[in-house]
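Taking it in order: structure first as structure tokens, then the write-up.
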Amino acid sequence: MLHTVDETINWIQGLLKHGIKPGLERMEWVMEKLDHPERRLRAIHVGGTNGKGSTVSFLRSILMQTFEEVGTFTSPAIVDFKDRISVNGLPMSDEDFIFAANMIYPFVQELGATDLGTPTEFEVITLISFVYFSLIHPCDVVIYEVGLGGRLDSTNILKPLLCVITNVGMDHVQYLGDTVSQIAREKAGIIKPGLPVVTTAEHPDALEVIQDKAREQKAKLYVYNKDFYGEATGGVDQYEHFNFKSSFWEYKGLKSGLRGIHQVKNATAALMALNILQTYYAFPIDEEGIRTGLDSVSWPGRFEVVSCKPLIILDGAHNEEGMRALVDTMARDYSNKTIKVLFATLKDRNNAAILDLLQSLTNEITLTTFEHERAEEPDQLIKEGKGLKIEKDWKKAYQEILATMTENDVFLISGSLYFISVVRNTLIDKNK
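Under the numbering used here, the first residue of the sequence shown is numbered 18, with each subsequent residue one higher.
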């Protein structure tokens, strides 16, 4: 029996030692014991390499203009451990968190004694979300972000209304495969028989795999730049401006609260999904709600301006595709400024390619690290580039860079989303 939030979090994090164990057997085992609460959810399933979290955020912000309560399941946590499971952007309460954990606790213990073994940390968090959204705090609609891959991800026991697959690139190759096609097969594993699919994947190999899977599942597929379109018209006054067109809707002069050229694709993926929900599921979505939702959307740690004077931006560009999008946006919007970077990453990334992209933007890069079992040491990263600085104490590095800032500088803090979470929470606590 769990009694406090800290006790519950410690129990869940204690499961990290079991690592990552792809497969749905453990999830199905526990859900069977609870009479499958996940089947009661009216859900949207979002997968892909980059853009999943942003797409979830667009969907949530717009749907909140129509529905009273919109749930989201996302990872990793950026602000609070419980913010992975949220309603209208607010983390589940402490009481509900403890109650939901206790609902699954005896089954997790029982499962650990079987041949299937103890579930992982992420599986337990996913189980908590299913009992929370179906049995404790039902919502009008719930949006689920895939954790890793798709086919064998613990969220993939869902029976959603539709699924969205954002771009597909090289990431988590040790689990998903070392080619784009192999990774795309894992991502496409969330496609369900007869249910609509939206994708912004553009790599030819990835798109071919997704199209083949959709045909196999007799699922209607909507493809970016074929069935729906987004036209970026510039970043102005902390907004990303764009136009959208599909066979259902056409809107001009839209503006998004999430900055970045790449966010236009994520926004259009969300809008196409909403097209489908309105047309085939009678979701009451109107233009005013779309514009208001886009305007007010936010997502911590994604091109997030945390200070204007001096200008400080946080962005969790944790893989090659994410860093390329970040570099393109920074080059577009801050070409007349000196960009100073503080960077920390994980060991299982293509850090050579990531740093090559970052060095094409600026030569003022400080490498650091943070407390995490997979954090890479800057001594290893220094081999990946030239002219890089090292300061292992990220707080000291932060203060040193801050002390040199002028009105012509931009301070960019980037790398692992886990690093961004640590920095963001430290800065917020300090500001408080």
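Each residue gets a CB set at the ideal place from its N, CA and C atoms; glycine is no exception.
In chain order, which beta strand (DSSP E) runs of at least 3 residues are fully inside the region 286-344? 321-324 and 328-332
Are the region 59-67 and the region 165-180 touching by the rule of at least three beta carbon pairs closer than 8 Å? yes
Leaving out the 5 sequence neighbours to the left and right, which residues in its chain are closer than 6 Å to His258 when beta-carbon positions are compared? As a working note, residue 258 is residue 241 in the sequence shown. Closer than 6 Å at Cβ, skipping near neighbours: Thr250, Gly251 and Lys272.
Write down the C-beta distance between Leu294 and Ser71 rounded to the nearest angstrom, noting that I regard them as a contact closer than 8 Å. Taking the sequence shown and counting its residues from 1, the one referred to as residue 294 is at position 277. Taking the sequence shown and counting its residues from 1, the one referred to as residue 71 is at position 54. That pair is no contact at about 18 Å.
In terms of residue numbering, what span does the alpha helix (DSSP H) encompassing Phe114 cover? Working through the sequence shown from its first residue, we reach residue 114 at position 97. Run containing Phe114: Asp111 to Gly129, per the alpha helix (DSSP H) assignment.
What first and last residue would you give for the beta strand (DSSP E) that runs through Val240? Residue mapping note: residue 240 aligns to position 223 of the sequence shown, counting from 1. Start and end: Leu238 to Val240.
Whole angstroms are fine: how far does the CA of Arg308 sit from the CA of Thr421? Here residue 421 refers to the residue found at position 404 when the sequence shown is read from its first residue. Here residue 308 refers to the residue found at position 291 when the sequence shown is read from its first residue. Going by the C-alpha atoms only, they are around 39 Å apart.
With DSSP as the reference, label His62 as helix, strand or coil. Taking the first residue of the sequence shown as 1, we reach residue 62 at position 45. Three-state result, His62: strand.
Does Cys12 pass the burial test, meaning 16 or more other C-beta atoms within 10 Å, or should it be called exposed? The structure shown does not extend to residue 12, since the chain is modelled only from 18 through 449, so no value can be given for it.
Can you find at least 3 beta carbon pairs, one from the region 41-55 and one from the region 124-135, that sit closer than 8 Å? yes
From Ala348, Leu359, Leu107 and Glu381, residue whose alpha carbon lies closest to that of Phe436: Here residue 436 refers to the residue found at position 419 when the sequence shown is read from its first residue. The residue with the shortest Cα to Cα distance from Phe436 is Leu359.
So, with DSSP's three-state summary, where would you put Tyr351? Along the sequence shown, one-based indexing puts residue 351 at 334. The answer is coil: DSSP assigns Tyr351 none of H, G, I, E or B.
With DSSP as the reference, please indicate the residues paired to Tyr268 in a beta bridge. Numbered from 1 along the sequence shown, position 251 holds the residue referred to as residue 268. BP columns for Tyr268 point to Phe261.
Quick one: does the C-beta of Pro108 sit closer than 7 Å to a heavy atom of the ligand ADP? The ligand ADP is absent from the structure shown, which contains no ligands of any kind.
Neighbour-count burial assignment, Glu140, 16 or more Cβ in a 10 Å radius: Translated into the one-based positions of the sequence shown, residue 140 becomes position 123. With 16 or more Cβ atoms within 10 Å of its Cβ, Glu140 is classed as buried.
Quick one: what's got a C-beta closer than 8 Å to Leu434's C-beta in the same chain, skipping five residues either side? Mapped onto the sequence shown, residue 434 falls at position 417. Cβ within range, chain order: Pro93, Ile95, Gly318, Gly333 and His335.
What does the alpha-carbon distance come out to for the pair Asp396 and Ile407? One-based indexing of the sequence shown puts residue 396 at position 379. One-based indexing of the sequence shown puts residue 407 at position 390. One C-alpha to the other measures close to 8 Å.
Quick one: Cα of Lys364 to Cα of Ala392, how far? To locate residue 364, count along the sequence shown from 1; it is residue 347. To locate residue 392, count along the sequence shown from 1; it is residue 375. Roughly 6 Å between the two C-alpha positions.
Using three-state DSSP, classify Gly432 as helix, strand or coil. Here residue 432 is taken as the residue at index 415 of the sequence shown, counted from 1. Strand at Gly432.
Alpha helix (DSSP H) segment containing Gly70, residue limits: Position 53 of the sequence shown, counting from 1, holds the residue named residue 70. Taken as a continuous stretch (DSSP letters only), the alpha helix (DSSP H) holding Gly70 covers Lys69 to Leu80.
Based on the DSSP secondary-structure assignment, which residues constitute the bridge partners of Phe90? As a position in the sequence shown, residue 90 is number 73, starting the count at 1. Paired residue(s): Ile102 and Tyr161.
Where Lys204 falls, given that 16 or more other Cβ within 10 Å makes a residue buried: Taking the first residue of the sequence shown as 1, we reach residue 204 at position 187. Buried, because 16 or more other Cβ atoms sit within 10 Å of the Cβ of Lys204.
Rounded to whole angstroms, what's the CA-CA distance from Val148 to Glu85? Just pull it up for me. On the sequence shown, position 131 is the one that residue 148 refers to. On the sequence shown, position 68 is the one that residue 85 refers to. Straight-line Cα distance between these residues: approximately 20 Å.
Closest residue to Ala414 among Phe428, Ile142 and Val158 (Cα-Cα distance): In the sequence shown, the residue the question calls residue 414 occupies position 397. Of Phe428, Ile142 and Val158, the residue nearest in Cα terms is Phe428.
Hey, how far is the Cα of Asp345 from the Cα of Ile26? If you number the sequence shown from 1, residue 345 lands on position 328. If you number the sequence shown from 1, residue 26 lands on position 9. Near 38 Å, if we compare the C-alpha coordinates of Ile26 and Asp345.
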